């Protein structure tokens with residue numbers, strides 16, 4: 027198994043190819059975004075894309091900050107065994123462009139991208155449900171991409187996120 031969590035420098039082409047070969051040969055990959063641009067090349071190879079701005083939410087907000095919110099689990103997945111929600115702390119939206127990679131968790135329909143950074147929804151900002159976890163297959167392997175790396179950091183490791191982390195560890199085996 028391979029975990030790539032919150033890299034601050036982009037993977038080079040050789041690294042991306044090595045990761046893709048690893049998955050194709052039966053490996054399991056978990057990726058957590060801190061900043062999207064450092065993973066653009068890898069996500070492109072997995073046929074995924076990310077939103078250009080951090081997501082904000084109008085529902086299930088944590089401590090009054092619309093960038094921190096709970097995501098209600100709507101899909102069945104081994105990752106979600108025993109949890110009904112998990113929390114995000116400054117997450118990026120994810121998009122799949124192929125049927126072999128599916129959004130398995132998304133914001134509420136009232137989420138938005140805070141284009142002007144004012145922490146309030148403005149007239150020019152699009153509202154809608156956005157993917158925050160994508161799971162897929164490539165060759166003989168599997169991958170999962172989280173739109174946030176903070177969900178597994180000590181400060182944010184609440185009971186639900188801790189269970190999600192344990193489920194991820196089992197999924198990676």
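In the numbering used here, the protein residues as written are 27 to 199. Ideal Cβ placement from N, Cα and C applies to all residues, glycine included. Everything numeric in this text was worked out from a predicted model, so none of it was measured.
Between which two residues does the beta strand (DSSP E) harbouring residue i extend?
i	result
residue 142	Taken as a continuous stretch (DSSP letters only), residue 142 belongs to no beta strand (DSSP E), as it is neither H nor E.
residue 105	Neither: residue 105 is in no beta strand (DSSP E) and is coded neither H nor E.
residue 114	111-115
residue 128	127-132
residue 16	Limits of the chain in this structure are 27 at one end and 199 at the other, which puts residue 16 out of reach.
residue 119	118-122
Helix, strand or coil, according to DSSP, for residue i in the structure here?
i	result
residue 8	Outside the displayed range of the chain (27 to 199) lies residue 8, so it cannot be described from this structure.
residue 60	coil
residue 191	helix
residue 37	coil
residue 51	coil
residue 198	helix
residue 43	helix
residue 181	helix
residue 68	helix
residue 176	helix
Short check: CB of residue i to CB of residue j, under 9 Å?
i	j	result
residue 117	residue 80	yes
residue 105	residue 194	yes
Can you give me the Cβ contacts of residue i inside the same chain, cut-off strictly under 7 Å, excluding the 5 residues immediately before and after it?
i	result
residue 163	126
Would the beta-carbon of residue i be found less than 8 Å away from any heavy atom of the ligand GTP?
i	result
residue 51	The ligand GTP is not part of the structure shown, which contains no ligands of any sort.
**Asked** Can we say the segment 90-104 touches the segment 56-75, given the rule of at least three CB pairs closer than 8 Å?
**Response** no
**Request:** Could you say if the segment 147-160 and the segment 112-126 meet the contact criterion of at least three C-beta pairs nearer than 8 Å?
**Result:** yes
**Request:** Would you be able to state if there are at least three C-beta pairs under 8 Å between the segment 102-115 and the segment 173-184?
**Result:** yes
**Message:** Check whether the segment 181-189 and the segment 70-77 are in contact - that is, three or more C-beta pairs closer than 8 Å.
**Reply:** no
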